[in-house]
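Okay, so the sequence shown: first residue is 3 according to my numbering, each after it adds one.
Below you'll find the structure, written out as structure tokens, and then a few comments.
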Amino acid sequence: MFGSFRTALSRIVPLAASLAVVAAFAPSAASAMIGDKEVARLVSFGGACAKCELSGRKLTGAQFNGANFAGAALVGSDLREARFYGANFSGADLSRADLSDSQMIGANFGSANLSDAKLRDVEAKGVSFSSANLSNADLRDLRAQGANFGRASMGGAQLNDGELTGANFSKTDARGVSFRDASMQGAVLAHGRFERASFRDTNLDSAVLSGAMFAGADFRDASLRRAMLYGVDLSKARNLDQDQLDEACTDASTKLPPGLVARGCHGGGARLTGWRPPTPPRMPRPPAPPAEPRD
């Protein structure tokens with residue numbers, strides 16, 4: 003029975019190196035056919051599967067331990083509760099994939115396609131999404147402290163209630179993105195595009211907004227304490243008030259809506275607060291695969 007399962011699995015997942023099943027096989031999983039597009043729960047992947055085809059597969063609870071899936075296709079795949087430990091998914095196509103409740107530690111999703119993907123309640127501390135396509139992605143409740151979204155395309159994405167302390171959004175295209183109720187203390191938004199974005203009730207304390215574009219962005223009840231607004235054009239931003247700006251760091255190059263005044267930097271500025279972005283977690287060592295099951 004196990005021999006037939008391994009044969010079917012090898013057709014579904016042509017890994018170049020190791021693939022080990024780390025949970026007991028249920029009879030239904032052991033008899034799964036290739037047409038079911040299903041892989042046993044809690045499968046552990048190691049080694050390389052660059053550019054392999056896994057679109058539409060059910061990989062719920064799978065673990066990717068130091069694996070190389072660069073350029074792989076996982077369009078519409080079910081990756082809920084998956085674990086990505088030190089894995090490389092750079093350039094992979096995960097559009098419309100469901101990664102809800104997954105955990106990503108030391109993982110690389112640089113230049114990956116995650117458009118229309120679901121990443122609800124995902125832990126992605128220190129993960130790289132540099133230059134990734136996250137347009138219209140559902141990233142609500144994302145815990146991505148210190149993560150890198152630099153140069154990513156995020157138009158229409160939702161990051162409501164996210165933990166984004168110290169995250170990098172420099173040169174990011176985040177037009178129309180909702181950051182409502184997010185924690186973005188010390189985040190870097192420099193030179194990014196945030197037109198029509200929502201920062202309602204967002205904590206932007208000590209964040210760096212220099213050189214970014216905010217036409218039509220909504221700042222109602224956002225906290226801007228010691229936020230760096232040097233060289234920022236906020237003249238067409240919405241729902242800014244003087245109390246917010248009085249707590250921020252502004253100068254003569256800060257452009258504000260009519261009736262609002264730039265009054266310098268009270269409290270010493272973000273550079274003098276002693277706050278530092280959190281250190282990204284170290285990449286964990288992939289666990290050794292378990293012994294092969296006996297026939």
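Built from N, CA and C at the ideal position, the CB exists for glycine as well.
Inset, instruction - Could you work out which residue in A224, D95 and V124 is closest to G112 when comparing CA atoms only? - result: Indexing the sequence shown from 1 puts residue 112 at position 110. Ranking the options by Cα distance to G112, first place goes to D95.
Inset, instruction - Give the single residue among A52, A264, D203 and C54 whose Cα lies nearest to the Cα of Y232. - result: In the sequence shown, the residue the question calls residue 232 occupies position 230. Y232 has its Cα closest to that of A264, out of A52, A264, D203 and C54.
Inset, instruction - State the CB to CB distance for the pair G63 and G93, rounded to an integer number of angstroms; the pair is presumed to be in contact (CB under 8 Å). - result: The residue labelled residue 63 in the question sits at position 61 within the sequence shown. The residue labelled residue 93 in the question sits at position 91 within the sequence shown. About 24 Å separates the beta carbon of G63 from that of G93, a gap too long to meet the 8 Å contact definition.
Legend entry - Own chain, CB closer than 6 Å to N150, minus 5 neighbours either side, in chain order: Indexing the sequence shown from 1 puts residue 150 at position 148. Excluding sequence positions up to five before and after N150, its CB lies within less than 6 Å of the CB of S130, S132 and N170, all in the same chain and listed in chain order.
Legend entry - M215 versus R177: straight-line alpha-carbon distance, rounded: Mapped onto the sequence shown, residue 215 falls at position 213. Mapped onto the sequence shown, residue 177 falls at position 175. Each residue's alpha carbon lies about 9 Å from the other.
Legend entry - Alpha-carbon spacing of G157 relative to N67, whole angstroms: Residue 157 sits at position 155 when you count from the first residue of the sequence shown. Residue 67 sits at position 65 when you count from the first residue of the sequence shown. Taking the straight line joining both Cα atoms gives about 31 Å.
Inset, instruction - Check whether the Cβ of D103 lies closer than 7 Å to any heavy atom of the ligand ATP, and answer yes or no. - result: Ligands are entirely absent from the displayed structure, and the ligand ATP is therefore not among its contents.
Inset, instruction - Work out the CA separation of A219 and L206 for me, nearest whole Å. - result: Mapped onto the sequence shown, residue 206 falls at position 204. Mapped onto the sequence shown, residue 219 falls at position 217. Approximately 14 Å between the Cα atoms of the pair.
Inset, instruction - Please report how far the alpha carbon of D103 lies from the alpha carbon of V124, in whole angstroms. - result: If you number the sequence shown from 1, residue 103 lands on position 101. If you number the sequence shown from 1, residue 124 lands on position 122. Roughly 5 Å separates the two Cα atoms.
Legend entry - Boundaries (first-last residue) of the alpha helix (DSSP H) holding Q244: As a working note, residue 244 is residue 242 in the sequence shown. Q244 to D248 is the span of the alpha helix (DSSP H), which, as asked, contains Q244.
Inset, instruction - Look at D163 and D140 and say whether their C-beta atoms are less than 8 Å apart. - result: Your numbering for residue 163 matches position 161 in the sequence shown. Your numbering for residue 140 matches position 138 in the sequence shown. Not in contact: D163 and D140 (Cβ atoms no closer than 8 Å).
Legend entry - 8 Å Cβ cutoff met for Q244 and A209: Working through the sequence shown from its first residue, we reach residue 244 at position 242. Working through the sequence shown from its first residue, we reach residue 209 at position 207. Against a cut-off of 8 Å, the Cβ pair of A209 and Q244 comes out as no contact.
Inset, instruction - Give the straight-line distance between the Cα atoms of A109 and S46, rounded to the nearest whole angstrom. - result: Taking the sequence shown and counting its residues from 1, the one referred to as residue 109 is at position 107. Taking the sequence shown and counting its residues from 1, the one referred to as residue 46 is at position 44. A109 and S46 have their C-alpha atoms some 15 Å from each other.
Legend entry - Neighbourhood of D118 by C-beta distance below 7 Å, restricted to the same chain and skipping five residues each side: As a first step, residue 118 is located in the sequence shown; it is residue number 116 there, counting from the start. Same-chain partners within the cutoff: S97, R98, N138 and A139.
Legend entry - Separation of V179 from E165, as counted between CA atoms: Counting from 1 along the sequence shown, the entry for residue 165 is found at position 163. Counting from 1 along the sequence shown, the entry for residue 179 is found at position 177. Each residue's Cα considered, the two are about 15 Å apart.
Legend entry - C-beta atoms of F181 and T167 nearer than 8 Å: Start at 1 with the first residue of the sequence shown, and residue 181 comes out as number 179. Start at 1 with the first residue of the sequence shown, and residue 167 comes out as number 165. In this structure, F181 sits away from T167, with a CB-CB distance that is not shorter than 8 Å.
Legend entry - 3 or more residues per run - each beta strand (DSSP E) lying fully within the segment 59-118: Given a length threshold of 3 residues, each whole run of the beta strand (DSSP E) inside the segment 59-118 is given here in chain order: 65-67, 85-87 and 105-107.
Legend entry - Whether A192 touches G213 by CB criterion (8 Å): Indexing the sequence shown from 1 puts residue 192 at position 190. Indexing the sequence shown from 1 puts residue 213 at position 211. For A192 and G213, yes; Cβs fall inside 8 Å.
Legend entry - CB contact below 8 Å: E125 versus chain D: In summary, chain D is missing from the structure at hand, where a single protein chain is found.
Inset, instruction - Look up A50 in the DSSP assignment and say whether it is helix, strand or coil. - result: Sequence index remark: in the sequence shown, residue 50 carries index 48 (1-based). Secondary structure at A50: strand, using DSSP grouped into helix, strand and coil.
Inset, instruction - Label A159 either buried or exposed according to how many other C-beta atoms from any shown protein chain fall within 10 Å of its C-beta, with 16 as the threshold for buried. - result: Start at 1 with the first residue of the sequence shown, and residue 159 comes out as number 157. Flag for A159 reads buried.
Inset, instruction - Might you give, ordered along the chain, the residues of its own chain that have their beta carbon closer than 7 Å to the beta carbon of S155, omitting 5 neighbours on each side? - result: Residue numbering aside, residue 155 sits at position 153 when the sequence shown is read from its first letter. Excluding residues within five positions, the ones whose Cβ falls inside 7 Å are N135, L136, S137 and D175.
Legend entry - Pairwise C-alpha distance: M106 and V190: The residue given as residue 190 occupies position 188 in the sequence shown. The residue given as residue 106 occupies position 104 in the sequence shown. As the crow flies, the alpha-carbon of V190 is around 21 Å from that of M106.
Inset, instruction - Please list, in chain order, all residues of the same chain as L121 whose beta carbon is under 8 Å from its beta carbon, the five residues on each side excluded. - result: As a working mapping, residue 121 is identified with position 119 in the sequence shown. If we look at L121 and ignore the five residues flanking it on each side, its Cβ neighbours are L101, S102, S104, A139, D140, L141 and L144.
Inset, instruction - Determine the DSSP secondary structure at E165, reduced to helix, strand or coil. - result: Here residue 165 is taken as the residue at index 163 of the sequence shown, counted from 1. E165 sits in a strand when the DSSP states are folded into three classes.
Legend entry - Inter-residue spacing [alpha-carbon to alpha-carbon] between L116 and N241: Looking up residue 116 in the sequence shown gives position 114. Looking up residue 241 in the sequence shown gives position 239. Looking at the two C-alpha atoms, the distance is approximately 31 Å.
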